[in-house]
Amino acid sequence: MVVQTPRFNVNRITVKPGGAFSMQMHHHRAEHWVILAGTGQVTVNGKQFLLTENQSTFIPIGAEHSLENPGRIPLEVLEIQSGSYLGEDDIIRIKDQYGRC
């Protein structure tokens, strides 16, 4: 975690080649993802698109979303979470390749 406050968090995240975030949603937070290096395959409410270095996307509250690294180099992401509640129990996992749902 880079910055943590009651209303927003900033995280720098590395996703290894072939790695992914779980398909998840949040009831109380929105997220902004900024790609610092690599390529990310983003899914938001069933729509898929690619983001590359210096591109970003907004994930609204309640949207089902995931992020994968389809590339050969590590994916570096700056994640900004904002909302009324940022607790870990607001992560609703829908599908997870690591068995966490």
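Letter 24 of the sequence shown, counting from 1, is numbered 10 in my numbering, and no numbers are missing.
No residue lacks a Cβ here, since even glycine has one placed at the ideal position from N, Cα and C.
On a predicted model such as this, the values are computed, not experimentally measured, just so you know.
#1: Could you check how far apart the C-beta atoms of V(-11) and N55 are, in whole angstroms? I think they sit under 8 Å.
#2: Can you tell me which of A16, R15, G26 and H12 puts its alpha carbon nearest to the alpha carbon of P60?
#3: Run through DSSP, which three-state label would E74 get?
#4: For E17, count the other beta carbons within 10 Å of its own beta carbon; 16 or more makes it buried, fewer makes it exposed. Which is it?
#5: Please list the terminal residues of the continuous beta strand (DSSP E) segment that includes S42.
Taking the definition as stated:
#1: The residue given as residue -11 occupies position 3 in the sequence shown. The residue given as residue 55 occupies position 69 in the sequence shown. Between N55 and V(-11) the Cβ distance is about 24 Å, and since that is not below 8 Å, they are no contact.
#2: Locating residue 60 in the sequence shown gives position 74, counting from the first residue. Nearest option by C-alpha distance: G26.
#3: Locating residue 74 in the sequence shown gives position 88, counting from the first residue. Three-state DSSP puts E74 in a helix.
#4: Working through the sequence shown from its first residue, we reach residue 17 at position 31. Label assigned to E17: buried.
#5: Residue 42 sits at position 56 when you count from the first residue of the sequence shown. Looking at the DSSP string, the run of the beta strand (DSSP E) that includes S42 is S42 to I45.
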